[in-house]
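Below you'll find the structure, written out as structure tokens, and then a few comments.
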């Protein structure tokens, strides 16, 4: 049974097996925590992360996620021994099942209504770079190393949506360079290219990501969820269709109590306090 069906308690009460999960108010921090190997992903962590984001759709308490790695690194990608080794022995059907599993994680990250803020320091490569890419916002450090190094192990750069999402972040030409060469992109270059929203000092990047998450979490929950949905949906729309979709989305936002609260607050020259309904 999946986590989405098993968990009846709030995510604040859930204890993960393959990563650390801490909920502070409206912000949940996911920490990939195998620092001795630079926080790689395993079959189990793929499953559990997917189930967590799927369950998050029904959690009213968590408004924003922060995704990070332990002890100076973000994520070294798929574990060489726990994932790469077994893949060599699989048949085509088994390999397709695995690649669909990894892609499902990106789908659930994009589908959950909560924005995801990634705090990235040190190594961020392979599937780890994909997790960063699939997040909604990315804060990095100057010493971060981001690499989509699939070609280095004889694979295509077309992994977990990279050919669709990465060009939208850094541009087609730059994405092509990163995916064809597998080279490492330093933190300052990643910020210059638009992969990182901004840089922070290594000892401050997580705190800044949490502060940004708290700022977003204090905003109108339904409206933020609608913004995230529209940002993803409109990739496949014409401008005309996007304008119409946004008209519908904004009209729905206008039915929320948070919209009415904002009007009352501004009328009274007060700052609105959003409650998420």
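Residue numbers (the numbering used here): 1474 to 1750.
Backbone N, C-alpha and C fix where the C-beta goes; we use that ideal spot for every residue, glycine too.
Rounded to a whole number of angstroms, what is the C-alpha to C-alpha distance between residue i and residue j?
| i | j | result |
| --- | --- | --- |
| residue 1572 | residue 1490 | 22 Å |
| residue 1575 | residue 1742 | 49 Å |
| residue 1686 | residue 1500 | 7 Å |
| residue 1665 | residue 1557 | 32 Å |
| residue 1591 | residue 1603 | 11 Å |
| residue 1480 | residue 1698 | At residue 1480, the pLDDT of 49 sits below 50, so the modelled position is not reliable; the number obtained from the coordinates is stated separately. Cα to Cα, residue 1480 sits roughly 22 Å from residue 1698. |
| residue 1531 | residue 1706 | 21 Å |
| residue 1739 | residue 1716 | 27 Å |
| residue 1727 | residue 1713 | 21 Å |
| residue 1562 | residue 1657 | 29 Å |
| residue 1683 | residue 1497 | 10 Å |
| residue 1695 | residue 1722 | 10 Å |
| residue 1679 | residue 1533 | 24 Å |
| residue 1495 | residue 1506 | 12 Å |
| residue 1655 | residue 1648 | 10 Å |
| residue 1750 | residue 1693 | 8 Å |
| residue 1746 | residue 1681 | 22 Å |
| residue 1725 | residue 1565 | 45 Å |
| residue 1488 | residue 1567 | 29 Å |
Is the separation between the beta-carbon of residue i and that of residue j shorter than 8 Å?
| i | j | result |
| --- | --- | --- |
| residue 1529 | residue 1537 | no |
| residue 1616 | residue 1675 | yes |
| residue 1596 | residue 1511 | yes |
| residue 1663 | residue 1619 | yes |
| residue 1539 | residue 1502 | yes |
| residue 1515 | residue 1486 | no |
| residue 1633 | residue 1584 | no |
| residue 1623 | residue 1629 | yes |
| residue 1636 | residue 1652 | yes |
| residue 1581 | residue 1541 | no |
| residue 1513 | residue 1544 | no |
| residue 1672 | residue 1660 | yes |
| residue 1718 | residue 1710 | yes |
| residue 1605 | residue 1526 | no |
| residue 1586 | residue 1689 | no |
| residue 1607 | residue 1579 | yes |
By a C-beta neighbour count over all protein chains shown, 10 Å radius and 16 as the cutoff for buried, is residue i buried or exposed?
| i | result |
| --- | --- |
| residue 1748 | exposed |
| residue 1559 | exposed |
| residue 1493 | exposed |
| residue 1549 | buried |
| residue 1668 | buried |
| residue 1475 | In this prediction, residue 1475 has a pLDDT of 49, which is less than 50 and means its spatial position is unreliable; what the coordinates show is noted afterwards. With fewer than 16 Cβ atoms within 10 Å of its Cβ, residue 1475 is classed as exposed. |
| residue 1484 | buried |
| residue 1551 | buried |
| residue 1730 | exposed |
| residue 1478 | Bear in mind that a pLDDT of 46 at residue 1478, under 50, signals an unreliable position, so the number given afterwards is only what the model happens to contain. Residue 1478 should be labelled exposed. |
| residue 1570 | exposed |
Per DSSP, which residues does residue i bridge with? Please list them.
| i | result |
| --- | --- |
| residue 1618 | 1596, 1659 |
| residue 1551 | 1514 |
| residue 1501 | 1496, 1538 |
| residue 1591 | 1540, 1611 |
| residue 1672 | 1613 |
For the structure I just gave you, are there three or more beta carbon pairs, one from the stretch 1607-1621 and one from the stretch 1630-1643, closer than 8 Å? yes
Does the stretch 1517-1527 come close enough to the stretch 1683-1703 to have 3 or more Cβ pairs within less than 8 Å? Judged by Cβ distances under 8 Å, the stretch 1517-1527 makes no contact with the stretch 1683-1703, as fewer than three pairs qualify.
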